[in-house]
Each structure stands twice: as C-alpha cells, then as structure tokens.
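Below you'll find the structure, written out as structure tokens, and then a few comments.
In the numbering used here, the protein residues as written are 23 to 170.
In structure tokens form, the structure reads like this:
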C-alpha cells in the first residue's frame, strides 16, 4: 500500500506531539477495547500538513485525537474503526465535534477540531461504538488548554 506524503507528515506530527507531551496521551479500557485520546494544539502541525487535512491552525485552536484498539485473546491488539459522536464545552459555549477518520496503514485515527480560550478547562463527552462491539460506550474527560 502506497502512503501519501501528507498522511506520513500528519502521523509523524501527531506521534511527535504525543511523544513530547506524554502526559497528554492517555487511554481508558472499555471491555476489550482501549480508547487512546490526546488533545494537541494545532500550531504543532506543519502548515502544509494541516492544509492537506482541512485543519485550521491557530493559537486558540486544538484537535482531539482518538483511536481505539481491541485487545485480542492471543495477547495482541488491533486498531478498530468506530462510529463516533461527541461534544466539548466550557462555562460559556457548547460545541458538537465533527470527527474526520484518518487511515494510515493499520492505524485508524479520528480527529476533531475546536476552539479554546487560554488556560480554560474544556470538558469532553464522546459516544463511540467500535467495530465488532455490541454496545456504545460513553467517555468523559476534562483538559486544560494553553496558548503556546
């Protein structure tokens, strides 16, 4: 499978952001499914990469990055696609998230853009149903954002 240059750069940018801010990447188990999540300021993305995926860069813009992996009985794990909807809010505004699926080889990511105010706490609620799951899971978390 041939990989596009923008996809390689986006994956590299996301991995770099996650590696340099390891505390920002977290995960939670839902039965056999592990949901990985991170919040990344869009200024970490190269302009060409952001443009290739329709991501608007800005000091008060961020993306929510989600991926789900199923833990298999043989000890391995596999990426799963998922049906997903979500929202984010603060004390003033509520915003529904529009997720974009990105496939890069065996990896599957879901990203959604949103705006924020410096030093504010954003609350997130995501309903997701992984491929092969017999139920929909709800995941909630909060994250404080800063202008870099």
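For each residue, glycine too, the CB sits at the ideal point set by N, CA and C.
Keep in mind that this is a model prediction, so the values were computed, not measured.
Bounds of the beta strand (DSSP E) holding residue 101 are 99-102. Under the DSSP assignment, residue 129 falls in the beta strand (DSSP E) whose first and last residues are 129-137. With fewer than 16 other CB atoms across the displayed protein chains lying within 10 angstroms of its CB, residue 160 is exposed.
An exposed status is given to residue 95, since fewer than 16 other beta-carbon atoms sit within 10 Å of its beta-carbon.
Taking C-beta atoms as the reference points, residue 153 and residue 102 count as a pair closer than 9 Å. No Cβ-Cβ contact shorter than 9 Å links residue 86 with residue 52. For residue 162, there is no enclosing alpha helix (DSSP H); the enclosing beta strand (DSSP E) has its first and last residue at 159-166.
Boundaries for residue 89: no alpha helix (DSSP H) harbours it, while the beta strand (DSSP E) harbouring it runs 83-93, taken from the DSSP string. Residue 54: not part of any alpha helix (DSSP H); DSSP gives it neither H nor E. Cβ atoms of residue 121 and residue 130 stay farther apart than 8 Å, at about 11 Å. Taking C-beta atoms as the reference points, residue 145 and residue 48 fail to come closer than 9 Å. Here the alpha carbon of residue 98 sits roughly 43 Å from the alpha carbon of residue 114.
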